[in-house]
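Read the structure below first, then the notes.
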Amino acid sequence: MVSLNFYLVLSAILFAIGTIGVLTRRNAIVIFMCVELMLNAVNLTFIAFSKYLGNLDGQIFVFFVMTVAAAEAAVGLALMIAYFKNRESIDVEDMNLMKW
Amino acid sequence: MNEVILSLMTFLPLLGVFILLFIPSNNHGLLRGFTLLVTVLTFLVSIPLVTGFVTNADYQFLLNIPWIKAGPFKMNYNVGIDGISLWLVMLTTFIMPIAILSTWKAVDQRVKGYMACLLLLEVGMLGAFVSLDLFLFYIFWEVMLIPMYFIIGIWGGKNRIYAAVKFFIYTMVGSLLMLVAIIALYFKGMSAGVTDFSILNFFGLNLDPVTQTWMFLAFALAFAIKVPMFPLHTWLPDAHTEAPTAGSVILAAVLLKMGTYGYVRFAMPLFPNALERFTPLIATLAVVGIIYASLVAMVQEDVKKLVAYSSVAHLGFVMIGLFSLNQMGVQGGMLQMLNHGVSTGALFLIVGFIYERRHTRLITDFGGLSKQMPIFATIFMIVTFSSIGLPGTNGFVGEFLVLLGGFESKLRWYTVVASSGVILSAVYMLWMFQRVMFGKLDNPKNQNLKDLDAREIAIMLPLIFMIFFMGLYPKPFIDKMAPAIDKVIQQSRIRPAVAATIPVQPSMQMAPQSVKPAGNPAVPEGHPAVPAGKPAGHP
Amino acid sequence: METLFFLIVAAIAVICSLMVVTNKNPINSALSLIMTFFCLATLYVMLEAPFMAAIQVIVYAGAIMVLIVFVIMLLNIKSEAGRRTSHALFMGISVGLLLLVQTWYLLVKSSLSSVRGTVDSAMISKVGHTELIGKSLFTDFLLPFEITSILLLVAIVGAVVLSKKKL
Amino acid sequence: MLDNVWLIPLFPLIGFLINGLFGKKIKNEAVIGGIGTLMIFLSFLVSCGILMQLVGMPPEQRVFEKVMFPWIHAGSFKADMAFLVDPLSAVMLMVVTGVGSLIHLYSIGYMHGEEGFYRFFAYLNLFCMSMLLLVLGANMLVMFIGWEGVGLCSYLLIGYYFEKKSAGDAAKKAFVMNRVGDFGFLLGLFVLFWWFGSNHNIWTINFVEIKAASHLLPYGGVVTLATLCFFVGATGKSAQIPLFTWLPDAMEGPTPVSALIHAATMVTAGVYMIARMSFVFIKAPETMMVVAVVGALTAIFAATIGTAQNDIKRVLAYSTVSQLGFMFLAMGVGAFGAGIFHLMTHAFFKACLFLGSGSVIHAMHHALHKGHLHDDAQDMRNMGGLRKALPITFITFLVSTIAIAGIPGFSGFFSKDEILWQAFANPYHGSLNILLWGIGCIAACFTAFYMFRLVFMTFFGECRINPKVKEYLHESPLVITIPLMVLGFLAFVGGFIGMPKLLGMLPNYFEHWLDPVFELANEYGKQYAHSGAHHSHALEFGLMAFSVVVALIGISIAYTMYMANKSLPEKFTSAFPGLYKVVYNKWYVDEIYDFLFVNPCKSFGNLLWKGFDVVIVDGVVNGTAKLVMAFSAGLKGLQSGYVHNYAMGMAIGVVTIIAVYVFR
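Going down the list, the protein sequences come from chains A, B, C and D. Going left to right, the first sequence walks through residues 23 to 122 as the numbering used here numbers them. Going left to right, the second sequence walks through residues 712 to 1250 as the numbering used here numbers them. Going left to right, the third sequence walks through residues 6 to 172 as the numbering used here numbers them. Going left to right, the fourth sequence walks through residues 7 to 670 as the numbering used here numbers them.
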């Protein structure tokens, strides 16, 4: 049986990569995908713990995370479309109206 | 029935606000009429307070129901009045219909919001006067602040935002410190067995002098800002100048009284040692305030600002009276609070009248109005002399008692200096009156001014009646206040060391007997105390 | 054997996720992300959570990623116009790595000390993973579950409103 | 009757209310004036009744106190609305209501056709009420209502022609100066109340009670302090140095006002107050000296100014100040009875003089108005030879002038001579008494001079009024001349009730009448100054003759300068231009006050407002606000609006939090 730490380390790596992606990319959709990656990294942790603790609650939580992710995808992508329609770009460096 | 009167009175305006929401906002007449009706009803509801008030030192019309309980904190909805708050409550309910009536024409923008603000303000003011729970008091204290902020900020003059923010922040600074002090006081009280925020619990508390000092300073700062005392007064002229007439009237008549009321009700009886220690400081500030405000008032060009500074001076007298800590002085201070409410309120109304007509308040724009507006001139003159404190008008009784009380107390020399404020008040008020009303009517814009109409006369008549009634027969006011004032004085004197073993006074019901011991051991020598055992003049 | 398999899958997942971050073309990123999701689904199976693996594939790799790919294509986004400044790049990478170091350190230092639950392999194989999840969802977590539906409804409404022609 | 004493102030109050509230609607001058006059006349009748009743009582029982209702009771302080009737207040009642009625009557004629006719009568009635309260007050506080009330009415009446700036200024000046005095009054009250209360546990401001306890007062010390404060009050109300400058300016008011308020009644309030508290004042020898010196100095000082004025009313005003100085001199040497006696005779002849001058001004004004001229109707240089046109006015005026100058047989002689004699013979002020007497004599000489100068310039010589309007000059109507005649008569005979014992023709009724009031004070005085030096009758006769001679000298100088040799005044002024200028400008007292008090107050107020309030206090307040704003302006830069930066911030935050958590 694979030790729990393996899963956690993998999860940590994925999370870190996701973070780096969020911080370094300019394309809003890619950033969005990186966020999904981070969510998944966390999901992995939940399920791994669930397994090693013999408790299903973690998996239920993952279930909810997925629901939220789905909702987020729907709304987030709709926002991007709306934004793109207005500004012809989804580069986050163009999004600077939320100043002050 | 008696228990609910206070709550009914306090929350009737709130009910009015809710109903107001359902009145179409373009029907100005109905909005005004309804608001007036609500305030008049509130006044009527408050009348049984006077008739049913039993002249003694107890809190009456008590209602005490548990409200919030969170951990060690227990706040009650605890209301009641004694002789001190009785008249302030009456002043509030009396002034409100007048204030509403005064803005019948002046405000025609967002009338609904304006009326709602005024009613909310009334809730806050009444609530603060009737609260016997420190926490409840604090809540109402803050409730007062918000509608006033909007009244100044939305319906005010040119510089309204600045004035409103200044007013708000000034007051907020003080009240936050007060909140801290209230909580600290509660923790101190808990170790002495206090279980809720009722102020009755804290009167008997024997705090060590250092704690008292800090808490007194916090409370005193909050109240000093509200009074306002020199040098924390600069928000007042701005707020008054920018506020619409009703706002100024309420601000002067009631809101400022919150500060002085706070001293009598909280700062003085709660922290006797600190009071003793800081009396010279506060008396100095009060005296400086009197002279200072009078001198500054003298050179003002704006009538409203002048009246605002005169408020500072008048409230200085109140402070001297309160801190003289004898029956005459405190009595005078309390009366002066009522008087100031009536006469300065009336002065602001008068300024409002000419402002509505001419849209200016600069003294130089006027002159010779007496000829064009004889009724106005008469009323203005009566109010002016009441403000100066001419015997026979209300202003005199309060001012005289304050000075007498101050002179008989340790504050003798302060009082002598303060008395010169009597001269200065005549100077600045009469000079203003002369420049506005006397002389040739040479400004063409003034030549078509209309004299007061029936509504305006109706506004002023009750005030003028009060000016003379309180000046000629102040007995009912004095008599009803006296026992409560005796009690406050007793509480505000440093307690003999014996009392240290009794942390909490058992019950207020026993107070009348227990507060009048056969002598005043705590009174310093040479201090002309109230004659032992007999509250003179009260058979 | 199992560990080896895990390591291989993990390696693929990490490589794919790196590609998500580094690829210039969003489509490539998206495809790499799908690959990562598949790897994760595999791991879920290894963790005896077949139901979660299923919905991972269906919801994530299927629904969400399809949506993303559609949007990318719809907007016809070509490769990124430019990268971020090297300064920002450096900052981002270093913060990410710092995060990794910290979590790693935490993992090394900490130890699991919770009460074991009742669910074990035997029970899962006997009752069935889906049934267990279902029971839990419809008993203990009924209210959140129902609220989820409202959330989704709101999301649908939001998406529809946002993507209307005239916003 | 005594029980109905409250009617006395009530009647004028009713008159005030009727005229004040409905006068504008009534419009009919006869009705308005009638009501006003009737009301005060009713008070006069009641006062007569009270006087009769008092006369019928044994002297020591002539004290009656009537409590109307409790007024201010607070703690140990107790003041009722209560009235006190004793011989002193009875005398004052008679003067106030009697002279008051006459002046009301006179005003009906004088104020005829004025725009604010109703207002005038309302104020006049209000004044009478206040004055009566002042006189009748049984405690200091009721007295103080009247005290400030008369100040108020004086303010209202001086400012009656409010469209004139000078009237408004004068009104304000009068009120403020009075207010300075009131400040002193209050302080005196406080000191006395405090001393009695804290030392003897007698908490009272009631005159009768204080009198009963006055034996407890020490000589000097705290009593000096209290009485000095009271005296400040008296100087304000009675226009003594240093607060006298308002009275001449008060002549801006209508002439009947000057007669009633600024000659006969209100300004004597200070004298009355000292008399009322004689038993306290006498215990403060230092104060008595101050009172006497101030009185004497005011008498001479005002008299010198009076010699150089050309406005007929101003001369009379300074004369009033000077005569009030005589009264204070009397008070200061312990001759309370003489002071009150002079108060009464002065009320008669000064009221008559003022009303006479009013009649002159009325005639002048009328004539100038008809001729459409804008000459000053009050300037004596425009008058002259009026005795033919205004015979009744002339005769009454002359009688009063003789009275004030102190010619034997007329009322002023008896009272003034009594004062001078007492100043000479008083045992209180050591060798100062000769000086006081000397100053008094010189002042009397000046008085005779400027009064006759006034008479000569106004009524004698050739007529200097513009010839065009000469024909319009004629005697005033009966409603004006009747009061003149009555007052003139009183000015003539009024002195006989207080004839000195020395002359022996009549007993000194007046002094006997006031004896019960001043008995105690006199006793204290004797206790203090044991060596009551006895002076011979011959000396008294001699001094009396001397004062007559002095008066005659004054008259003859006036005659020489203004009748016989008319170039003399000009020569005199050109010989001493500086002196004349200083005297003409009233010794520049107004300017000095402006320089010392008014202007510094204003500029200090401006400094405080624009300097302290706006710059320092608001500077700190706004500075704090600006500091916060500057700080947040710096922080604002962090909100770049770029999502990246926020994300980076979040990430760094997470890292930091974990770091803190891990490495704590």
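All C-beta atoms, glycine included, are put in the ideal place defined by N, C-alpha and C.
Beyond the five residues adjoining it in sequence on each side, G80 (chain A) comes within less than 7 Å, by CB distance, of F68, I69, F71, S72 in the same chain, given in chain order. Taking 9 Å as the Cβ-Cβ cut-off, the segment 185-207 of chain D approaches chain B at R185, V186, D188, F189, L192, L193, L195, F196, V197, F199, W200, G203, S204, N207, given in chain order. Residues of chain D whose Cβ lies closer than 8 Å to the Cβ of M60 (chain A) do not exist; the shortest such Cβ separation is about 11 Å.
Along the segment 938-951 of chain B, the positions whose C-beta sits under 7 Å from a C-beta of chain D are P942, T945, read in chain order. For E71 (chain D), the uninterrupted beta strand (DSSP E) run begins and ends at 70-80, by DSSP. Residue environment: Q645 (chain D) is assigned as exposed (fewer than 16 neighbouring CB atoms within 10 Å of its CB, all protein chains considered).
For M78 (chain C), no CB of chain D lies under 8 Å from its own CB, so it is not counted at the interface with that chain.
Annotation: the continuous alpha helix (DSSP H) that includes P1187 (chain B) extends over 1186-1203. Legend: CB atoms of the segment 72-90 of chain A lying less than 8 Å from CB atoms of chain C belong to residues S72, K73, Y74, L75, G76, N77, L78, D79, Q81, I82, V84, F85, F86, M88, T89, V90.
Nearest Cα to V938 (chain B) within the set B:L1152, B:K780, B:G1052, B:R743: B:G1052.
In this structure E258 (chain D) is buried. Its beta-carbon is surrounded by 16 or more other beta-carbon atoms within 10 angstroms.
Among the residues facing chain C, I112 (chain A) is included, as its CB has a counterpart in that chain under 8 Å away.
Interface criterion met: the Cβ of A18 (chain C) is under 8 Å from a Cβ in chain A. When DSSP states are grouped into helix, strand and coil, N767 (chain B) belongs to the coil group.
F1176 (chain B): member of the alpha helix (DSSP H) spanning 1165-1183, first to last residue.
Collapsing the DSSP output to three states places N787 (chain B) in a strand. Shown here, M149 (chain D) sits in a helix according to DSSP, grouped into three states. In terms of CA proximity to L725 (chain B), B:L830 leads the group B:L830, B:M855, B:I1178. Looking at the DSSP output, D125 (chain C) shares a beta bridge with no other residue.
In this structure the segment 1022-1032 of chain B lies against the segment 996-1009 of chain B, because at least three pairs of beta carbons, one per stretch, are closer than 8 Å. Pairing A1008 (chain B) with F181 (chain D) gives a Cβ-Cβ distance that is not under 8 Å. Residue contact with chain D for K1015 (chain B): absent (no Cβ-Cβ distance below 8 Å to any residue of chain D). For the segment 66-80 of chain D, the set of positions with a beta-carbon nearer than 9 Å to some beta-carbon of chain B reads F75, P76, W77, I78, H79, A80 in chain order.
Along the segment 155-168 of chain C, going in chain order, the ones with a CB nearer than 7 Å to a CB of chain A are L156, L157, A160, I161, G163, A164, L167, S168. In the DSSP assignment, K289 (chain D) falls outside any alpha helix (DSSP H) and carries neither an H nor an E.
Sequence-distant partners of Y161 (chain D) (beyond 5 residues in either direction) whose C-beta falls short of 7 Å from its own C-beta, in its chain, are A177, A180, F181.
Per the coordinates, the alpha-carbon of L108 (chain D) lies some 10 Å from the alpha-carbon of L361 (chain D). Nearest CB-CB separation between I622 (chain D) and chain C: not below the 8 Å threshold. Counting every other CB atom within 10 Å of its CB across the protein chains shown gives R121 (chain C) a total below 16, marking it as exposed.
A straight-line Cα-Cα distance of about 16 Å links T8 (chain C) and Y74 (chain A). Residue environment analysis places F1107 (chain B) among the buried positions, since at least 16 neighbouring C-beta atoms fall within 10 angstroms of its C-beta. Distance from the Cα of N212 (chain D) is smallest, within the candidate group D:L195, D:S638, D:S204, for D:L195. Of all residues in the segment 631-661 of chain D, only K642, Q645, S646, G647, Y648, V649, H650, A653, M654, A657 come within less than 7 Å of chain A when Cβ atoms are compared, listed by chain position.
Contact note: Q1042 (chain B) reaches chain D through A80, G81, using a C-beta cutoff of 7 Å and chain order. Beta-bridge partners assigned by DSSP to T8 (chain C): none are found.
Around L105 (chain C), no beta-carbon contact reaches into chain D at under 9 Å, the shortest distance being about 10 Å.
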